[in-house]
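Quick note on numbering: the sequence shown equals residues 6 to 169 in this note's numbering.
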Amino acid sequence: MIKVGIVTASDKGSQGLREDESGKVIAQMVDTIGGSVLEYRLIPDERDQIANTLKELCDDKKLELVVTTGGTGFSPRDITPEATLDVIERQVPGIPEAMRAKSLEITNRAMLSRAVAGIRGKTLIINLPGSPKGVRECLEVVLPVLPHAIEILTGSAGECAVKP
6 MIKVGIVTAS
16 DKGSQGLRED
26 ESGKVIAQMV
36 DTIGGSVLEY
46 RLIPDERDQI
56 ANTLKELCDD
66 KKLELVVTTG
76 GTGFSPRDIT
86 PEATLDVIER
96 QVPGIPEAMR
106 AKSLEITNRA
116 MLSRAVAGIR
126 GKTLIINLPG
136 SPKGVRECLE
146 VVLPVLPHAI
156 EILTGSAGEC
166 AVKP
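Quick look at the structure:
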């Protein structure tokens, strides 16, 4: 089982003005790789609040995977990548690169995504877009590698090389 947290950054969602469909998609999709959502947060687009929530889920709750949705675009309130960069210790650029590459096959607007991914302690944090469609498209790309990534990160596997 992969211990998962979902953080939805949405001003409207946190005020009860919009239902969080993206968070539901994340929960359904991580279930297919043995993920169990132990923490779910719906918070406003506030950099300090996002950063503090990420720290809590990594440091205190000891989750292995934290997936964020929302706040990765160009709007002045879109600051999830900055909050993530505030807390991660090491970047994992291949994850957002792969998501953008696949999404570019669908829409040229994918190049506008500012999503990041990184590691804090033994937790992998991944930023996803705010729409259910964007979440689905991006998670489909990275889900197959996440179990192995978590095994390596948590020390339950020691080799990354694929054996022939």
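Ideal placement from N, C-alpha and C gives every residue a C-beta, glycine not left out.
Under 8 Å: do the segment 123-132 and the segment 65-74 share three or more Cβ pairs, one atom per stretch?
yes
For the beta strand (DSSP E) that residue 113 lies in, which residues bound it at each end?
In the sequence shown, the residue the question calls residue 113 occupies position 108. For residue 113, there is no enclosing beta strand (DSSP E), as DSSP marks it with neither H nor E.
Tell me, please, whether the segment 30-46 touches the segment 10-20 by the rule of three or more beta-carbon pairs shorter than 8 Å.
yes
Can you give the Cα-Cα distance for residue 67 and residue 6, rounded to whole angstroms?
Looking up residue 67 in the sequence shown gives position 62. Looking up residue 6 in the sequence shown gives position 1. Distance between the alpha carbons of residue 67 and residue 6 is about 13 Å.
So residue 77 is in the beta strand (DSSP E); what residue range does that whole segment cover?
For this step, residue 77 is matched to residue 72 along the sequence shown. No beta strand (DSSP E) holds residue 77; DSSP gives it neither H nor E.
Since residue 120 contacts residue 58 with CB under 8 Å, what's their CB separation in whole angstroms?
To locate residue 120, count along the sequence shown from 1; it is residue 115. To locate residue 58, count along the sequence shown from 1; it is residue 53. About 17 Å separates the two Cβ atoms, so there is no contact after all.
Do you know offhand how far residue 18's Cα is from residue 24's?
For the purposes of this step, residue 18 is taken as the residue at position 13 of the sequence shown. For the purposes of this step, residue 24 is taken as the residue at position 19 of the sequence shown. For residue 18 and residue 24, the distance between alpha carbons rounds to 6 Å.
If I follow the unbroken alpha helix (DSSP H) through residue 99, where does it start and stop?
On the sequence shown, position 94 is the one that residue 99 refers to. Unbroken alpha helix (DSSP H) run through residue 99: 99-109.
Taking Cβ to Cβ, would you say residue 92 is nearer than 8 Å to residue 52?
Walking along the sequence shown from the start, residue 92 turns up at place 87. Walking along the sequence shown from the start, residue 52 turns up at place 47. For residue 92 and residue 52, no; Cβs fall outside 8 Å.
Less than 8 Å between the CB atoms is what I'm expecting for residue 123 and residue 159, so what's the real figure, rounded?
As a first step, residue 123 must be located in the sequence shown, where it is residue number 118. As a first step, residue 159 must be located in the sequence shown, where it is residue number 154. Their Cβ separation, rounded to whole angstroms, is 16 Å, which puts residue 123 and residue 159 out of contact at 8 Å.
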